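Chains as they are written, first to last, in the working numbering: chain A, 0 to 306; chain B, 166 to 497; chain C, 585 to 935. Note that the Cβ used here is the ideal one computed from N, Cα and C, for glycine as well. Fair warning: this is a prediction, and the values are worked out from it, not measured in the lab.
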Amino acid sequence: MSADASTPSRQPISGKALARARMRASLARNWREFRTQRDGMLGLIVLIFFVLLALTAPLYIHPDAFDVAQATGPSMAPPSLEFPLGTDENGLSLLPQVIWGSRTSLLVGFAATVISMLIGASVGIASGHFRGWGGATLERLTDWFLVIPFLPLVIVLATVLGRSLINVIIVIGITSWPGTARLVRAQTLTAETRPYVDRAKALGGGDWHVMSRHVLPNVMPLVMANTVLTVAIAILSETTLSFLGLGVPFAISWGSLIEGAFAHGAISAGAWWYLLPPGICVILVVLAFTLVGRALETVMNPRLRER
Amino acid sequence: MAELLEIRDLHVTYRTREGDVPAVRGVDLSLPAGRALGIAGESGCGKSTLASTVLRLQPPTARVSGQVLLQGTDVFEMRWGELRAARWAKASVVFQGALHSLNPVQRIGHQIAEPIRLHQPSTSSAEAGRRTGELLERVGLPARRAQSYPHQLSGGQRQRVMIAMALACSPQLLVADEPTTALDVMVQAQVLELLVGLVRDLDLGLLLISHDLSVLGTTCDEVAVMYAGRVVERAPQRDAFANPQHPYAAALAAAFPTVGDPHSRRAPTGLTGDPPDPTELPPGCTFHPRCPIAVEACTTLDPPLRPAGPGRVAACLRVGVDGRRLEPEEVA
Amino acid sequence: MTSTGPAPSEVTETPDAAAPPLLELRGLKVTFGTARGGGGVLARAVDGVDLAVRRGEIIALAGESGCGKTTLARTVLGLERPTAGEVRLNGTPMRYQRSALREWRRRIQLVPQDPTGSLNPRRTVYDTVAEGLRVHDVPTSAQRSEEELVAEAMSRAGLRPPQRLYLRYPHELSGGQRQRVLIAGALALQPEILVADEPVSSLDASVRGTILALLLRLRDELGLTVLVVTHDLGLAWNIADRIAVMYLGRLAEVGTTEQVLGDPQHPYTRALLSVVPEIRNLEPEILRGEPPDPTRVPAGCRFHPRCPALAAGPDAGVDETVATACRTRDLPILPAEGAGHQAACWLHQPL
């Protein structure tokens, strides 16, 4: 049987090109589906707003706004036309600080999540795929990390590693991966019971082939949705760290603003404008991520959609 | 005396987002008490939908026209109370995939007794227990099995439990949808033996649905073959399998070769193509795109179900009134 | 529009009996340990099997669930490791290091039972068929383009023209098409042996014949050897040259299809055959009870608790000596070579 079923005049088709075309189509389909989730869209809009805010801040906020020597306002003044969000203990306007704070908070949140996702997904897949002592070890490791109380761990790590942007990111990253890993491991175990994994092995596929070609694509949607939720947690973690005085030194973040509010007696002075705006920003961003994350889960898992 | 079950011109259409999907397109059947009627067909032919209408259990998205007469009364005209009383006490159904329909956290005895308690709430638990034991013995399981949980039973045993449950309220009609599909051949034989015995001993009417024409041929008094929502052939017992007239019935019969028959030795036959999409049925005879003996007329004329020999009907332009295969020129 | 295999009169000559067997199983045992801790119970899924399969042969491995046929098939594919005994391909024993296993897999391929579950729903038809090619980097070694190899395999499997289906996803295909895609995926590697595990049981009845005809055609055109695992004796009658009936981890009867299904010797085979609807010449013998549990293999002949011949006693030719043997003496493993029609039964084996 000759292979002249393929017409001579056509170029050989690249399997990769086909895959790309198909992926674009499915992304478009998922986006359309996502658009129908009102909560998710709302969350997405809020997120885009904050991200733009963070990215464009340097365009309209001059570093002088944070220079104590250049402070013009009265200390702890309530909101007014000149200072829409009032002033801090140094008389600096709080509005640019709150806006600037979004940069550190979001950056740490995203970066730490990337680390967490990478570690979590890899460990999760590996611990689910490898039987025997390899997988068991990874599983124990995950459980161990999961069980350790978050706060004491970050305090110890922050103290040991010292305070810097990188270290804060690392600390948050390595304390939030176990949740993802656990989820991914469960999903991997399920995926590997499918007959198509058997077939992949029967074809001669090794561990790497099975894990990367069959398990990972199966697990990715779950990881995506979980990642979005993890960012929310990472931002909260950063806020907590900063509040405890363990955050990025000399950087303005929402957490540091809240810490400042407490440290300088804003509460007892009744200076709500110092405490509330950063707190509300954290809440809004976390809520937005949660809404988007849940909407993503619904889109990725057709069974959750109500028809 | 009215037939036990009579289906007249039944049409069932599902309403979906993409439009109407006709699942059953005009079926007439009748079944007297103490007899077994087999319905053969594959996925998408409408047989399961048909089974669900017997007790008005079709999905809410289904639109039904026609009549389903249970002992002379149309189930679609029954008031709710009448229908509830009819369900399980007049007719009961063993659905496809019944093996997975047992509640894993309840004992078998409790589940078998459930319909009894629902229909006769005044039954004492001692009485229910006695009846359960009786039912288990009737289906060939020891009465003490009532204390078991579903996971402690094998596939064949669970199927027997489903049948026991279906018999709980002494119905006159039993509808079994693919009761032996997932079972080993020996266990299948046991279950079929049980069903045939029940028909004989309890004077039950049995509506047996299966894709295995050879099984129906040996257990049922009459066999109807369905394709794309219609009955395309009806014949007494073995005839549908041993001597099918409609080409689809022939293909279905050929799918279960008789061991020892030289014609099927190293000669597997099958149909190309797929069962038709109910929303896009071909014009004329719905089977013609896959039919090995189709002629010109088949693409335009939709053959009615007409007599094709003693006690037989077939819906094929090439089957004559006496059951003879007609040459293309003879087709009206 | 029906597709058929070769007409009975044109059947290809039976495989050359003088050539050494392509696939050999020697004393194969596969045991699964269940329940860890003290007194773990062992499931003897395969409990001593000798089998020789010749090149170009279609052999059916028949039996009920729990008999071990699927485990045997998986062991031949390298998906399970034998507890004892060995699997040999062309005289070379199977080794389980990664590279050896990969080589093995090029030569023995699987046609799975569940076409729907065996297809990754996120991969297109093209990707699925090309998967094996990519794992073994065949385009490089064969000096041909991947697409060419995919198109050829798909055409061989009856999917024509192949281009039309490249971008489809499994859920857009019918059952028969899915099975053909899987067969194409296996053919792409140009294996010598296909192991088909219940290849048509999940498919619509009217479509089964087309897939079986495809397997026959592949044997005739490509010289493929096929090991078909099935519980359906009708299927064996349809396409198998030889049939091996398995019961509780051992072969109960082996022979050509005509021999085993025409004149069954073992009481188990007789019973199985007798309950096939429409069978002639045999009274239905419905065995009581369930197919047995591989964790509780009876002593003596493993079939004796359910054996209708033993139950009938002298009427079935089972005198005291034979009956005692049935209850106490385990039967020898049926030999792989020669000897034609064999049954592991004390009625037919020398005491």
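Within 8 angstroms, strictly: CB atoms of arginine 477 of chain B and glycine 485 of chain B: For arginine 477 of chain B and glycine 485 of chain B, no; Cβs fall outside 8 angstroms.
Are at least three pairs of beta-carbons, each pair with one atom in the segment 61-80 of chain A and one in the segment 102-111 of chain A, less than 8 angstroms apart? The segment 61-80 of chain A vs the segment 102-111 of chain A: no contact.
Output the boundary residues of the beta strand (DSSP E) element that contains isoleucine 328 of chain B. That residue, isoleucine 328 of chain B, is in no beta strand (DSSP E); its alpha helix (DSSP H) goes 320-332.
What three-state label does DSSP hand proline 448 of chain B in the structure shown? Reduced to three states, the DSSP call for proline 448 of chain B is coil.
Look at leucine 235 of chain A and alanine 157 of chain A and say whether their C-beta atoms are less than 8 angstroms apart. Using a Cβ distance threshold of 8 angstroms, leucine 235 of chain A and alanine 157 of chain A do not count as a contacting pair.
Determine which residues share a DSSP beta bridge with aspartate 185 of chain B and list them. Aspartate 185 of chain B is bridged by DSSP to B:Arg180.
For arginine 303 of chain B, three-class secondary structure by DSSP: Here arginine 303 of chain B sits in helix by DSSP.
Let me check understanding here. Comparing Cα to Cα, which of B:Ala201, B:Val229, B:Ile204, B:Asp349 lies closest to aspartate 185 of chain B? Checking every option, the nearest Cα to that of aspartate 185 of chain B belongs to B:Val229.
Using a Cβ cut-off of 9 angstroms, pull out every chain B residue sitting near threonine 794 of chain C, in sequence order please. Around threonine 794 of chain C, the beta-carbon contacts reaching into chain B at under 9 angstroms are Pro433, Thr434, Gly435, Leu436, Thr437.
Counting only C-beta atoms, is asparagine 704 of chain C closer than 8 angstroms to chain A at any point? Asparagine 704 of chain C counts as touching chain A.
Indicate whether alanine 231 of chain A and phenylalanine 144 of chain A have their beta-carbon atoms separated by less than 8 angstroms. It is not a contact, given that the beta carbons lie outside the stated cut-off.
Under 7 angstroms Cβ to Cβ from histidine 888 of chain C, same chain only, skipping five residues before and after it: list those, please. Only Pro882, Leu894, Cys910, Arg911 meet the Cβ criterion.
When C:Arg826, C:Val829, C:Ala820, C:Ala836 are compared against aspartate 426 of chain B, the one with the closest alpha-carbon: If we check each option's Cα against that of aspartate 426 of chain B, C:Ala820 comes out closest.
Straight-line Cα distance separating arginine 672 of chain C from glutamine 665 of chain C: In the sequence as presented, glutamine is not what sits at residue 665 of chain C; that position holds arginine. Roughly 13 angstroms between the two C-alpha positions.
Measuring only the C-alpha atoms, how far is arginine 792 of chain C from arginine 295 of chain B? C-alpha separation (whole angstroms): 46 angstroms.
Would you mind sorting asparagine 225 of chain A into buried or exposed? The rule is 16 or more other CB atoms within 10 Å of its CB. Residue environment: asparagine 225 of chain A is assigned as buried (16 or more neighbouring CB atoms within 10 Å of its CB, all protein chains considered).
By the three-class DSSP mapping on this structure, what secondary structure does glutamine 317 of chain B have? DSSP places glutamine 317 of chain B in the helix class (H, G or I) of the three-state scheme.
Can we say the segment 806-820 of chain C touches the segment 629-648 of chain C, given the rule of at least three CB pairs closer than 8 angstroms? In short, these stretches touch, since the Cβ pair count reaches three.
Nearest-angstrom Cα separation, counted from glutamate 837 of chain C out to glutamine 926 of chain C: Each residue's alpha carbon lies about 6 angstroms from the other.
Contact check, glutamine 697 of chain C vs serine 786 of chain C, beta carbons under 8 angstroms: Yes.
Who are the neighbours of glutamine 693 of chain C on chain A, taking C-beta pairs under 8 angstroms? Ordered by position in chain A, the residues that pass the 8 angstroms Cβ test against glutamine 693 of chain C are Ala201, Leu202.
Cβ shell of alanine 341 of chain B (< 6 angstroms), same chain only, five flanking positions each side left out: So the list reads Val259, Leu373, once near-sequence residues are dropped.
Taking Cβ to Cβ, would you say glycine 394 of chain B is nearer than 8 angstroms to alanine 188 of chain B? Result yes, Cβ atoms of glycine 394 of chain B and alanine 188 of chain B sit closer than 8 angstroms.
Who pairs with proline 472 of chain B in a beta bridge, going by DSSP? Under DSSP, proline 472 of chain B forms a beta bridge with B:Val478.
Extent of the continuous alpha helix (DSSP H) run through glycine 246 of chain B: Counting along the chain, the alpha helix (DSSP H) containing glycine 246 of chain B begins and ends at 245-254.
To the nearest angstrom, report how far apart serine 208 of chain B and tyrosine 413 of chain B are at their CA atoms. Going by the C-alpha atoms only, they are around 14 angstroms apart.
Thinking just about the alpha-carbon of each residue, which of B:Gly321, B:Pro269, B:Thr451, B:Cys481 is nearest to the one in arginine 872 of chain C? Ranking the options by Cα distance to arginine 872 of chain C, first place goes to B:Gly321.
Would a C-beta distance cut-off of 8 angstroms place glutamine 693 of chain C and leucine 778 of chain C closer than the cut-off? Yes, Cβ-Cβ distance for glutamine 693 of chain C and leucine 778 of chain C is below 8 angstroms.
Would you say glycine 134 of chain A faces chain C, with C-beta separation under 8 angstroms as the test? So no, glycine 134 of chain A is outside the interface.
Chain B within 8 angstroms of alanine 591 of chain C, Cβ atoms only: Residue placement at alanine 591 of chain C is flagged as unreliable, the pLDDT there being 45, under the threshold of 50; the coordinate-derived value follows with that caveat. With 8 angstroms as the cut-off, alanine 591 of chain C counts as an interface residue toward chain B.
Can you confirm whether aspartate 349 of chain B, when its beta carbon is compared against all beta carbons of chain C, has any partner nearer than 8 angstroms? Closer than 8 angstroms to some Cβ of chain C, the Cβ of aspartate 349 of chain B qualifies, so yes.
Run through DSSP, which three-state label would glutamine 232 of chain B get? For glutamine 232 of chain B, the three-state secondary structure derived from DSSP is strand.
Pull up the DSSP beta-bridge partners for leucine 835 of chain C, would you. According to DSSP, leucine 835 of chain C bridges with C:Met830.
Valine 719 of chain C touches chain A at which residues, Cβ-Cβ below 7 angstroms? Identification of chain A residues near valine 719 of chain C by a Cβ-Cβ cut-off of 7 angstroms yields Leu202, Gly203, Gly204, His208, ordered along the chain.
Our contact map puts alanine 636 of chain C next to alanine 928 of chain C with C-beta atoms below 8 angstroms; I'd like the distance itself, whole angstroms only. Not a contact, Cβ separation roughly 16 angstroms.
Any beta-carbon of chain F closer than 8 angstroms to the one on isoleucine 863 of chain C? This model lacks chain F altogether; the protein chains it does include are A, B and C.
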